[in-house]
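J.: First residue of the sequence shown? That's 373 in the working numbering, and the numbers climb one at a time after it. Glycine residues also receive a C-beta, built at the ideal position from the N, C-alpha and C atoms. This one's a predicted model, so the numbers in the text were calculated from it and none came from an experiment. One structure coming up, written as structure tokens, with questions to follow.
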Amino acid sequence: MRCRDVVELMTDYLEGALSARDRERFEEHIAGCDGCRAYLEQLRLTLKAVSRLADEAIPEPVQAQLTEAFRTWTSTAR
373 MRCRDVVELM
383 TDYLEGALSA
393 RDRERFEEHI
403 AGCDGCRAYL
413 EQLRLTLKAV
423 SRLADEAIPE
433 PVQAQLTEAF
443 RTWTSTAR
């Protein structure tokens, strides 16, 4: 598995969505590639930080406004 392949699969890996074979190949690559291992760790830390901020930093009315704006944007983008 190449670094490019690993990067594309990182989110699925963290969500536990890879097949057993893909997970095995992913983990083999990570074990031998310092760059991809560092990237994976940075992604984990970033997701952890964002999940903490998402719950605390945005007041409920603002969350509702952002959600509505996103829905409007995605419906017009189609």
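Quick one: grab the DSSP three-state call for Arg443.
T.: Mapped onto the sequence shown, residue 443 falls at position 71. Here Arg443 sits in helix by DSSP.
J.: Taking only the alpha-carbon atoms, compute the straight-line gap between Glu413 and Cys375 and give it to the nearest angstrom.
T.: Locating residue 413 in the sequence shown gives position 41, counting from the first residue. Locating residue 375 in the sequence shown gives position 3, counting from the first residue. Straight-line Cα distance between these residues: approximately 15 Å.
J.: Pick from Leu438, Pro433, Val378 and Pro431: whose alpha carbon is nearest that of Ile402?
T.: The residue given as residue 402 occupies position 30 in the sequence shown. With distances taken between Cα atoms, Ile402 lies closest to Val378.
J.: If I follow the unbroken alpha helix (DSSP H) through Leu390, where does it start and stop?
T.: Start at 1 with the first residue of the sequence shown, and residue 390 comes out as number 18. First-last for Leu390: undefined, no H or E at that position.
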